[in-house]
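Protein chains in written order, with this note's numbering: chain A, 529 to 751; chain B, 529 to 751.
We put the CB at the ideal spot given by N, CA and C, even for glycine.
All values reported here derive from a predicted model rather than from experimental measurement.
Pasting the structure below:
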């Protein structure tokens, strides 16, 4: 039997070696890069034509604060949105104006308002729902413009290369925490002039227990 | 080189064998058993003392319809719930009465009302939030009773054995569909007199695109 007078020294050496090994492994596997989360409540993108219907001739939207995506901003202006079953007041308008008005609501809003709202990426409005907007100077009937936003991740094309994903790809993201889990079918939007951010809505954030400080990781590609 | 005059016959035999093999595999892996989903909106369980504060002396709750869990029912009665930042009208009461009043709200409600609502299993009310209930005959101040319900799966003890899980275990569930994904930390509640059902709230259902007809599967244990 080996003599263990110096077992404390031996133990120390072993623990040191173990720590070194662990460090090497951590460096080798390299934690996946974390992506900040942007949580969107219901909001509206207006065409200039609809801005004028709601706020008056030649009206210009007023910037309240910049958003994370370059050039995008929240406006001082809000309007009421009305469907056959109900209305929601003070829905925020985001700028700048777009070619076509787009109303992004929560799934629960679609029940409350009684309007159809297919799950769509921004800009994909063929067959989208109808709604009426009420502003201080008039109303605007939106025939095809109501959607629930499909979750997506904004990034630069060179960031997409780093993440090993491509523009338009559908990935799964992993969310930490007591109410965490994973969300499938998150679309990569990799274009120039983007800020790295995963966009989900308030229902998704609440259901998964997320806060504005949560960061997510891309778990796997759905290839 | 082999003569392939009878290649069609050969191909037929091969395809038959392949079909047989596939059938055997499917039987062997046996699809995991699906579990129906029960979607809960905000609701209240009242003590008889609070029933009488809100509806009057000796008042008895009126059954509107039975719920999936044996003995549980939705009541005709609703009350308003009020916090420092807002109020929500017509919140449904569920029966029968319990020892302690418990108010289960959505995460978004807790922001709207300005009340604390920790994520908890039913009955675990130490440190739960405060709220005021307003009924037709009076109000009740609930000091410790507001929670966001922690998602869970009701099943019989013998069903738990079939699923390979145990009462109190935390599992992950997998949800199908375009807005699907997985939810971690779902608690197994395996007691007698249960109906097999996975309980989530409306925000979780909306975020994951679920309907009352969706069925989920237990994906893995978090052991």
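For residue i, the first and last residue of its enclosing alpha helix (DSSP H)
i: residue 577/A; result: 576 to 583
i: residue 734/A; result: 730 to 735
i: residue 564/A; result: It is not in any alpha helix (DSSP H) - residue 564/A instead sits in the beta strand (DSSP E) that spans 563 to 568.
i: residue 638/B; result: 635 to 641
Between the CA atoms of residue j and residue i - distance to the nearest angstrom
i: residue 622/A; j: residue 737/A; result: 25 Å
i: residue 564/A; j: residue 643/B; result: 27 Å
i: residue 578/A; j: residue 617/A; result: 17 Å
i: residue 665/B; j: residue 585/B; result: 9 Å
i: residue 734/B; j: residue 588/A; result: 35 Å
i: residue 697/A; j: residue 746/A; result: 12 Å
i: residue 728/B; j: residue 684/A; result: 36 Å
i: residue 646/B; j: residue 607/A; result: 33 Å
i: residue 682/B; j: residue 595/B; result: 13 Å
i: residue 568/B; j: residue 571/A; result: 26 Å
i: residue 580/A; j: residue 614/A; result: 24 Å
i: residue 649/B; j: residue 655/B; result: 13 Å
i: residue 592/A; j: residue 667/A; result: 23 Å
i: residue 660/B; j: residue 573/A; result: 38 Å
i: residue 707/B; j: residue 653/A; result: 18 Å
i: residue 740/A; j: residue 559/B; result: 38 Å
i: residue 686/B; j: residue 687/A; result: 50 Å
i: residue 590/B; j: residue 590/A; result: 52 Å
C-beta contact flag for residue i and residue j at 8 Å
i: residue 670/A; j: residue 658/A; result: yes
i: residue 602/A; j: residue 709/B; result: no
i: residue 633/A; j: residue 702/A; result: no
i: residue 566/B; j: residue 731/B; result: no
i: residue 626/B; j: residue 575/B; result: yes
i: residue 641/B; j: residue 609/B; result: yes
i: residue 673/B; j: residue 629/B; result: yes
i: residue 680/A; j: residue 631/A; result: no
i: residue 599/A; j: residue 624/A; result: yes
i: residue 705/A; j: residue 597/A; result: no
Endpoints, beta strand (DSSP E) assigned at residue i
i: residue 605/A; result: 601 to 610
i: residue 690/A; result: Note, residue 690/A: premise wrong, no beta strand (DSSP E); alpha helix (DSSP H) at 685 to 691.
i: residue 654/B; result: Unbroken run through residue 654/B: none, as it is neither H nor E.
i: residue 619/B; result: 615 to 623
i: residue 630/B; result: 630 to 632
i: residue 700/B; result: 698 to 703
i: residue 707/B; result: Premise fails: residue 707/B is in no beta strand (DSSP E) and is neither H nor E.
i: residue 594/A; result: 591 to 594
i: residue 673/A; result: 667 to 677
Neighbour-count burial assignment, residue i, 16 or more Cβ in a 10 Å radius
i: residue 742/B; result: buried
i: residue 635/B; result: buried
i: residue 638/A; result: buried
i: residue 651/A; result: exposed
i: residue 678/A; result: buried
i: residue 605/B; result: buried
i: residue 611/A; result: buried
i: residue 561/B; result: exposed
Check: residue i C-beta below 7 Å from any heavy atom of the ligand SAH
i: residue 561/B; result: The ligand SAH is absent from the structure shown, which contains no ligands of any kind.
Contact between the region 690 to 698 of chain A and the region 718 to 725 of chain B (3+ Cβ pairs under 8 Å): no
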